[in-house]
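Each residue of the sequence shown is one higher than the one before, counting from 3 in the working numbering.
What follows is a single structure, written as structure tokens, with notes after it.
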Amino acid sequence: MFNKKSVTDIDVHGKRVLVRVDFNVPIKEGKVGDDTRIRAAMPTIEYLLQHGAAVILFSHLGRPKGGPDPKFSLRPVADYLGGLMGQPVAFADDCVGPSAEAAAKALKPGQVLLLENTRFHPEEEKNDMALAQKMASLADVYVNDAFGSAHRAHSSTEGVAHFLPAVAGFLMEKEIRYLGQAIADPRRPFVTILGGAKISDKIGVIRNLLGKADVILIGGGMANTFLAAKGLAMGDSLVEAESIDTARQLLGEGSAKLHLPVDLVLGDKFDAEAQSKVMDTGNVPDGWRILDIGPKTIDAYAAALKGAGTVVWNGPMGVFEFPRFAQGTYGVARAVANSGAISIIGGGDSVAAIQESGLADKITHISTGGGASLEMLEGLVLPGLAALQDK
Ligand code: AMP
Numbered sequence: 003m004f005n006k007k008s009v010t011d012i013d014v015h016g017k018r019v020l021v022r023v024d025f026n027v028p029i030k031e032g033k034v035g036d037d038t039r040i041r042a043a044m045p046t047i048e049y050l051l052q053h054g055a056a057v058i059l060f061s062h063l064g065r066p067k068g069g070p071d072p073k074f075s076l077r078p079v080a081d082y083l084g085g086l087m088g089q090p091v092a093f094a095d096d097c098v099g100p101s102a103e104a105a106a107k108a109l110k111p112g113q114v115l116l117l118e119n120t121r122f123h124p125e126e127e128k129n130d131m132a133l134a135q136k137m138a139s140l141a142d143v144y145v146n147d148a149f150g151s152a153h154r155a156h157s158s159t160e161g162v163a164h165f166l167p168a169v170a171g172f173l174m175e176k177e178i179r180y181l182g183q184a185i186a187d188p189r190r191p192f193v194t195i196l197g198g199a200k201i202s203d204k205i206g207v208i209r210n211l212l213g214k215a216d217v218i219l220i221g222g223g224m225a226n227t228f229l230a231a232k233g234l235a236m237g238d239s240l241v242e243a244e245s246i247d248t249a250r251q252l253l254g255e256g257s258a259k260l261h262l263p264v265d266l267v268l269g270d271k272f273d274a275e276a277q278s279k280v281m282d283t284g285n286v287p288d289g290w291r292i293l294d295i296g297p298k299t300i301d302a303y304a305a306a307l308k309g310a311g312t313v314v315w316n317g318p319m320g321v322f323e324f325p326r327f328a329q330g331t332y333g334v335a336r337a338v339a340n341s342g343a344i345s346i347i348g349g350g351d352s353v354a355a356i357q358e359s360g361l362a363d364k365i366t367h368i369s370t371g372g373g374a375s376l377e378m379l380e381g382l383v384l385p386g387l388a389a390l391q392d393k
């Protein structure tokens with residue numbers, strides 16, 4: 003199943019190992035917020051240190067435009083990581099060039115260095131090979147542990163693998179194993195839940211899942227376009243007019259598998275304080291918009307989840323940022339946690355909902371990569387994974 007070399011397949015003793023991690027974490031006033039992604043990289047970092055490597059970490063952070071910007075500096079992460087590990091973590095204020103080279107050269111086995119944000123070089127996102135080669139020149143081996151960035155072909159995720167022996171880290175391996183297994187050979191019934199704002203982002207995913215899943219439960223704004231495709235009036239709901247034809251096609255191909263909400267929670271405006279009412283699925287009155295799935299739908303989806311062998315969930319069932327319209331998302335979170343199935347959750351919103359519900363420990367695998375896990379569900383090859391050495 004997982005056919006790439008990993009850190010355990012190579013000798014790292016005495017080597018400089020360049021590790022692409024996903025330290026794209028929230029930073030507020032110079033302090034690290036949610037540290038899930040940092041902790042998720044620890045097994046690889048610790049393994050490499052224990053096996054006599056000098057570890058050079060690099061990552062992107064946010065979306066800086068066109069060059070260095072202190073707002074997007076990884077320096078706070080170096081301090082945070084040092085605290086977490088109980089040992090100093092050196093920092094270089096560039097990911098290539100003289101400061102990175104000097105810091106990498108000075109690094110001894112057992113020591114850790116973090117390089118500055120790769121996106122301070124605009125070439126990074128163009129998968130520029132000259133930049134990739136400079137990154138590679140810092141080390142003897144490349145390890146990709148940034149699952150959350152593996153769907154992007156950038157210099158630090160793809161290009162660099164052409165210039166060094168390139169293998170996967172433990173997080174990458176774990177993510178690919180869980181998701182790959184679920185898609186290729188799921189314990190059945192295989193039930194998927196898709197939500198979120200837009201159907202256009204997930205058409206490829208639905209197409210691929212129609213051939214693999216037994217049941218697809220649809221919620222969130224994307225359900226609206228399906229309901230519109232059935233000829234229902236949607237009031238002021240979010241609808242993607244240009245995707246209605248595609249939605250109709252998908253319903254034609256997979257109506258037995260695709261489940262749509264049977265009732266809805268409406269709001270009279272897009273606002274936390276909006277008036278709300280519940281109605282059975284039908285024509286939405288003017289002046290109202292769909293903001294959540296209704297209680298009957300939560301029950302129906304929970305029933306579909308009971309007895310599932312495998313569950314994969316991506317995307318909220320409603321505008322869960324507004325407590326009045328969060329019941330659908332939290333109801334589904336509880337149903338997934340109590341399903342007894344192998345459960346995999348991806349996407350920031352669904353992951354946040356399960357964590358806030360206090361049910362995270364009942365989930366088999368919580369993915370650190372929303373976009374990357376969606377591309378896997380879509381059946382696409384992840385460039386950052388494809389570039390690694392085969393076993
Ligand atoms: P996505 O990034 O596509 O997963 O979408 C997540 C966003 O979808 C969240 O911010 C939700 O507030 C939003 N969303 C979910 N349901 C609806 C809905 N019925 N109408 C508008 N937005 C929605």
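By construction, the Cβ of each residue, glycine as well, lies at the ideal position given by its N, Cα and C atoms.
Determine the direct distance from the alpha carbon of residue j to that of residue i, and round the result to whole angstroms.
{"i": "Val338", "j": "Val91", "result": "39 Å"}
{"i": "Val79", "j": "Gly222", "result": "34 Å"}
{"i": "Ala106", "j": "Leu117", "result": "9 Å"}
{"i": "Asp95", "j": "Ala43", "result": "21 Å"}
{"i": "Gly309", "j": "Thr159", "result": "39 Å"}
{"i": "Ile29", "j": "Leu266", "result": "36 Å"}
{"i": "Arg22", "j": "Lys271", "result": "43 Å"}
{"i": "Thr227", "j": "Leu253", "result": "11 Å"}
{"i": "Gly330", "j": "Val264", "result": "12 Å"}
{"i": "Tyr82", "j": "Glu255", "result": "50 Å"}
{"i": "Phe322", "j": "Pro66", "result": "28 Å"}
{"i": "Tyr332", "j": "Ala304", "result": "11 Å"}
{"i": "Gly64", "j": "Ala155", "result": "16 Å"}
{"i": "Ile405", "j": "Ala102", "result": "Outside the shown range of the chain, which is 3 to 393, sits residue 405, and nothing can be said about it."}
{"i": "Trp315", "j": "Arg41", "result": "23 Å"}
{"i": "Gly171", "j": "Thr38", "result": "16 Å"}
{"i": "Val286", "j": "Asp216", "result": "30 Å"}
{"i": "Val9", "j": "Leu86", "result": "22 Å"}
{"i": "Ile300", "j": "Val334", "result": "6 Å"}
{"i": "Asp273", "j": "Lys136", "result": "49 Å"}
{"i": "Ile246", "j": "Ala374", "result": "26 Å"}
For the ligand AMP, is there a heavy atom less than 6 Å away from the beta-carbon of residue i?
{"i": "Ile292", "result": "yes"}
{"i": "Gly284", "result": "no"}
{"i": "Pro297", "result": "no"}
{"i": "Leu240", "result": "yes"}
{"i": "Lys200", "result": "yes"}
{"i": "Pro318", "result": "yes"}
{"i": "Gly386", "result": "no"}
{"i": "Gly371", "result": "no"}
{"i": "Gly222", "result": "yes"}
{"i": "Val338", "result": "no"}
{"i": "Val169", "result": "no"}
{"i": "Asp351", "result": "yes"}
{"i": "Val27", "result": "no"}
{"i": "Val321", "result": "yes"}
Look up residue i in the DSSP assignment and give the residues it is bridged to.
{"i": "Phe192", "result": "Thr312"}
{"i": "Met281", "result": "Leu266"}
{"i": "Arg250", "result": "In DSSP, Arg250 forms no bridge with anything."}
{"i": "Arg291", "result": "Gly269"}
{"i": "Gly348", "result": "Asn316"}
{"i": "Val143", "result": "Val19"}
{"i": "Ile220", "result": "Leu196"}
{"i": "Phe93", "result": "Leu116"}
{"i": "Val14", "result": "Val14 pairs with nothing; no bridge assigned."}
Thinking C-alpha only, which one of the options is nearest residue i?
{"i": "Pro1", "options": "Arg291, Ser245, Val280 and Ser151", "result": "It is not possible to answer for residue 1, since the shown part of the chain is limited to 3 through 393."}
{"i": "Gly372", "options": "Asp130, Ser151 and Val143", "result": "Ser151"}
{"i": "His123", "options": "Asn146, Gly99, Phe149 and Leu115", "result": "Gly99"}
{"i": "Thr194", "options": "Arg209, Lys33 and Val34", "result": "Arg209"}
{"i": "Ala276", "options": "Gly289, Gly284 and Gly254", "result": "Gly289"}
{"i": "Ile283", "options": "Ala225, Ser345 and Lys176", "result": "Rather than Ile, the amino acid found at residue 283 in this sequence is Thr. Among Ala225, Ser345 and Lys176, the Cα nearest to that of Thr283 is on Ala225."}
{"i": "Asp13", "options": "Ala168, Glu380, Ala362 and Glu175", "result": "Ala168"}
{"i": "Ala186", "options": "Gly386, Pro325, Leu268 and Phe4", "result": "Phe4"}
{"i": "Ser257", "options": "Ser239, Lys232, Glu127 and His62", "result": "Lys232"}
{"i": "Arg336", "options": "Arg326, Phe324 and Ala354", "result": "Ala354"}
{"i": "Leu181", "options": "Val383, Leu140 and Ile201", "result": "Val383"}
{"i": "Gly197", "options": "Lys17, Gly317 and Phe327", "result": "Gly317"}
{"i": "Tyr49", "options": "Phe149, Asp11 and Ile368", "result": "Asp11"}
{"i": "Leu262", "options": "Lys176, Ile201, Ala243 and Phe60", "result": "Ile201"}
Look at the Cβ atom of residue i, then the Cβ atom of residue j, and state whether they are nearer than 7 Å.
{"i": "Tyr144", "j": "Leu293", "result": "no"}
{"i": "Ser345", "j": "Ile365", "result": "yes"}
{"i": "Leu211", "j": "Ile218", "result": "yes"}
{"i": "Arg121", "j": "His53", "result": "no"}
{"i": "Glu125", "j": "Leu133", "result": "yes"}
{"i": "Thr370", "j": "Arg189", "result": "no"}
{"i": "Asn129", "j": "Met174", "result": "no"}
{"i": "Leu394", "j": "Ser341", "result": "A query on residue 394 cannot be resolved here, the shown segment of the chain reaching from 3 to 393 and no further."}
{"i": "Ala56", "j": "Pro111", "result": "yes"}
{"i": "Leu59", "j": "Asn119", "result": "no"}
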